[in-house]
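Below you'll find the structure, written out as structure tokens, and then a few comments.
Chains as they are written, first to last, in this note's numbering: chain P, 17 to 148; chain W, 24 to 307.
Structure, rendered in structure tokens:
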């Protein structure tokens, strides 16, 4: 079998996914794919979508960043938050988006902008993944 | 002596208080369990994160890492983790007492405070401490984002050089009957020096960037741990307090019932005496 094991570990839960054929992650330097026998390593992840392809299924997750550790065909995704496409609270994400947009109009402080940008990105990402 | 009606009313009110305290005890017990579950769930993440940091850290120059930077201490910040609500025995007053003592040792004017929970905020605000930030009203929907928010502001406060050390004072959950107040250094973080011999591993984008994103995450998870420990301790303390209150109410009901019976008996006796002496008087 050309499959491997993916484990998503967050502070509030652990999700195991066996028989994974292909995994796509949003790396900081661009998204990348993992297949069986990938080189071992540690790669930092950005806000974005994670795609997990198993034998007969495809799952999408939204994450706000973290990193992935690949070790001998076991892939561990350490993420601060993760939501599967069907668990995303669309209402909450869109209100977060609206709030961020509102604040962007009203603020001029540079420190706030980084945070603002981040929350904007997170909200957009959630909404995008929720439609998968 | 109190009248029969007075005693009856008191018994009734004590009984209804007992109902409240025993319900609160039950709720607190359920919440302790929930907090413990969350602590359990965080463990794999924490250990995996620590392991990875320990893998990479020996290869990275520590001077590049702001959060590990030990500086001369001129100013400190304290993160004080209390609760939003009272009725938990000595939970809030103990932690406030310990915090005050520790702050006084360093000098109140050289200390910034991050107050977690209403009780700490109210106390220190009234006494004009230098509160930078307070986080309240989140305990009922405790989630990891709270920890991230606190972590973010602690990091900002530390790296901008406003303080040279950040401490956290919280209740450590020993067991249901025992909580221990602990004071730990939150920043700068310290790690052991033991290195791992890793060959042929890919680090992307680079070890430096990775460590710089891992270390704040490690801080967040530590804050999360402190929050959970404190939450579990609070609920356990409340449970014990409410259990004591329930027992006390039981004792009170017992003694009031005794008093009530005595009074009733006395009333009957006097009534009988009156009847008998009335009958005697009629005879003559």
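Glycine residues also receive a C-beta, built at the ideal position from the N, C-alpha and C atoms.
(message) Between residue 140 of chain W and residue 263 of chain W, how many whole angstroms is the CB-CB distance? I'm expecting something under 8 angstroms.
(response) Contact doesn't hold; Cβ gap of about 19 angstroms is too wide.
(request) Starting from the beta carbon of residue 198 of chain W, find every residue of chain P whose beta carbon is closer than 8 angstroms, and list them in chain order. (result) Near residue 198 of chain W there are no residues of chain P at all, since even the closest Cβ is about 23 angstroms away, more than 8 angstroms.
(request) For the stretch 49-127 of chain W, list the beta strand (DSSP E) runs that are entirely contained and at least 3 residues long, ordered along the chain. (result) 99-104
(message) Between the alpha carbons of residue 249 of chain W and residue 141 of chain P, how many angstroms are there, rounded?
(response) 30 angstroms
(message) Mapping the DSSP letters down to three states, classify residue 64 of chain P as helix, strand or coil.
(response) strand
(request) Taking only beta-carbon positions, decide if residue 139 of chain P is within less than 9 angstroms of chain W. (result) no
(message) Check whether chain W comes within 9 angstroms of residue 103 of chain P, counting only Cβ atoms and requiring the distance to be less than that.
(response) no
(request) For residue 118 of chain P, count neighbouring C-beta atoms within 10 Å of its own C-beta (all shown protein chains included) and say buried if the count is 16 or more, exposed if not. (result) exposed
(request) Quick one: residues in its chain with C-beta nearer than 7 angstroms to the C-beta of residue 51 of chain W, no 5 flanking neighbours on either side, listed in chain order? (result) 258, 261, 262, 265
(request) Report all residues from its chain with a CB closer than 7 angstroms to the CB of residue 32 of chain W; omit the five preceding and five following residues, and keep chain order. (result) none
(message) Any beta carbon of chain P sitting closer than 9 angstroms to that of residue 155 of chain W?
(response) no
(message) Can you pull out the residues from the stretch 23-45 of chain P whose beta carbon lies closer than 8 angstroms to at least one beta carbon of chain W?
(response) 25, 26, 27, 28, 29, 30, 43, 44, 45
(request) Can you say whether residue 97 of chain P is buried or exposed, counting buried as having 16 or more other CB atoms within 10 angstroms of its CB? (result) buried
(message) Below 8 angstroms on C-beta distance, what does residue 65 of chain P contact in chain W?
(response) Simply none; closest approach about 18 angstroms.
(message) I want to know whether the stretch 50-68 of chain W touches the stretch 20-38 of chain P - three or more CB-CB distances under 8 angstroms.
(response) yes
(request) On a CA-only basis, which of W:305, W:302, W:225, W:117 is nearest residue 54 of chain P? Give me that one, please. (result) W:225
(request) Output yes or no for whether 9 angstroms exceeds the beta carbon distance between residue 137 of chain W and residue 155 of chain W. (result) yes
(request) Could you pull the start and end residues of the alpha helix (DSSP H) that residue 249 of chain W belongs to? (result) 230-306
(message) Counting only Cβ pairs nearer than 9 angstroms, list the residues of chain P close to residue 227 of chain W.
(response) 43, 44, 45, 48, 57, 58, 59, 60
(request) Could you have a look at residue 28 of chain P and say whether DSSP puts it in helix, strand or coil? (result) coil
(request) Starting from residue 113 of chain P, follow the alpha helix (DSSP H) in both directions and report where the run begins and ends. (result) 106-122
(request) Identify, in the order they occur along the chain, each residue of the same chain with its Cβ nearer than 8 angstroms to the Cβ of residue 91 of chain P, setting aside the five sequence neighbours on each side. (result) 20, 21, 22, 23, 36, 39, 50, 54, 84, 85
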